[in-house]
Amino acid sequence: MKLKFYILAFCMLFMTNAAFSQTPEESFEKANNFYIAGNYEQAIEAYRAIIDDGYQSAELFYNLGNSYFRMEKIPSAILYFERAARLAPSDSDIEFNLKIANLRIVDKFETVPKLFIIEWYESVLGFLYSGVWGWVSVILLWASFLSLALFMISGTTSRKKFLFLLVVLGFIGTVLTSIIAYNAYYNETSREFAIIFSTSIYVKSAPDESSVDLLILHEGTKVEITDKLEGWSEILLENGNKGWVPASVLEVI
């Protein structure tokens with residue numbers, strides 16, 4: 042699996058001690074060197090130390106996922122590939138490695154059929170991060186105002202028609218990208234997904250050990266958390282099935 046040797050955006054989540062023995066970039070390079078040398082356990086420790094210091098990036102999660110994959114720790118590999126995909130949804134390397142890792146899990150579910158327009162819209166939502174869609178909306182808005190200003194001072198009829206068309210298209214684009222940005226942000230923050238981290242677990246009909254067993258899931262399976270109650274989580278599968286599992290078997294993406 043290909044390793045990423047650069048950091049596009051290390052994001053600091055919280056400030057740690059002011060004095061660092063190594064910069065994040067140096068620590069990242071050190072972890073990469075462990076990986077290249079085949080010392081995957083040390084690479085995992087080094088990548089996780091960077092995360093523990095409050096940093097994250099798609100490259101960091103991707104490389105950590107690769108390290109777990111090399112150690113045959115498939116659930117952890119999937120978890121970090123998924124986390125990488127949230128930060129870089131259009132990265133083809135992340136998408137490919139995630140598909141490879143998912144081939145190694147037991148559970149395979151057919152997704153609930155969706156209308157083409159819904160599938161297309163969901164692919165648009167996932168093409169860019171919500172913040173990027175927000176910037177696209179702002180740029181289109183400013184372009185619309187600029188076109189409007191030029192329209193007001195333009196003297197020729199043909200130029201006015203062209204600028205008016207730009208104004209209309211710009212405002213329509215602003216509205217559409219604003220809606221996309223909002224929905225993408227909702228998906229990123231309001232919908233909660235997780236990976237099963239138990240070798241096998243029975244999905245229950247209710248948040249109670251004595252309730253009916255609906256099906257059995259295995260480690261590495263991705264689920265959506267739709268509700269929580271006293272140490273239990275209600276999960277939704279890709280095929281539309283629902284049930285309850287102990288929250289302790291889940292690792293939130």
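My numbering applies: residue 42 is where the sequence shown begins, and numbers increase by one. Beta carbons are placed, not taken as given, at the ideal position from N, Cα and C, and that holds for glycine.
Straight-line Cα distance separating residue j from residue i
i           : j           : result
residue 94  : residue 173 : 26 Å
residue 70  : residue 116 : 25 Å
residue 150 : residue 282 : 10 Å
residue 102 : residue 193 : 50 Å
residue 268 : residue 133 : 32 Å
residue 146 : residue 156 : 28 Å
residue 66  : residue 100 : 12 Å
residue 143 : residue 240 : 15 Å
residue 185 : residue 195 : 15 Å
Beta strand (DSSP E) segment containing residue i, residue limits
i           : result
residue 98  : Premise fails: residue 98 is in no beta strand (DSSP E) and is neither H nor E.
residue 284 : 283–287
residue 275 : 273–277
residue 139 : Note, residue 139: premise wrong, no beta strand (DSSP E); alpha helix (DSSP H) at 133–143.
residue 293 : 291–293
residue 257 : 254–259
residue 234 : 233–237
For residue j and residue i, believed in contact at Cβ under 8 Å, the rounded distance
i           : j           : result
residue 290 : residue 242 : 5 Å
residue 107 : residue 138 : 7 Å
residue 225 : residue 171 : 4 Å
Close-in-space but distant-in-sequence residues of the same chain around residue i (CB under 7 Å, 5 per side omitted)
i           : result
residue 176 : none
residue 191 : 204
residue 113 : none
residue 50  : Note that residue 50 has pLDDT 44, beneath the 50 cutoff, so the model's placement of it is unreliable and no number is given.
residue 228 : 166
residue 129 : 99 and 135
residue 211 : 181, 184, 185 and 188
residue 111 : 81
Start-to-end residues for the alpha helix (DSSP H) that takes in residue i
i           : result
residue 203 : 198–230
residue 270 : Unbroken run through residue 270 is the beta strand (DSSP E), 263–270; no alpha helix (DSSP H).
residue 247 : Counting along the chain, residue 247 falls outside any alpha helix (DSSP H), and DSSP gives it neither H nor E.
residue 166 : 157–168
residue 66  : 65–77
residue 115 : 115–128
Contacts around residue i, its chain only, beta-carbon distance under 6 Å, and the 5 residues preceding and following it disregarded
i           : result
residue 72  : 84, 87 and 88
residue 246 : 252, 253 and 255
residue 248 : 270, 273 and 285
residue 54  : Low per-residue confidence applies at residue 54: pLDDT is 42, beneath 50, and the placement is therefore not dependable, though the value from the model is reported in the following sentence. Taken in chain order, the residues that qualify are 95.
Beta-carbon contacts of residue i that lie in its chain and below 8 Å, excluding the five residues immediately before and after
i           : result
residue 287 : 242, 272, 273 and 274
residue 234 : 123, 263, 264, 265, 266, 293 and 294
Practice prompt. Jot down the residue ranges of each uninterrupted alpha helix (DSSP H) in the region 170–197, minimum 4 residues, whole runs only, in chain order.
Written response: 171–194
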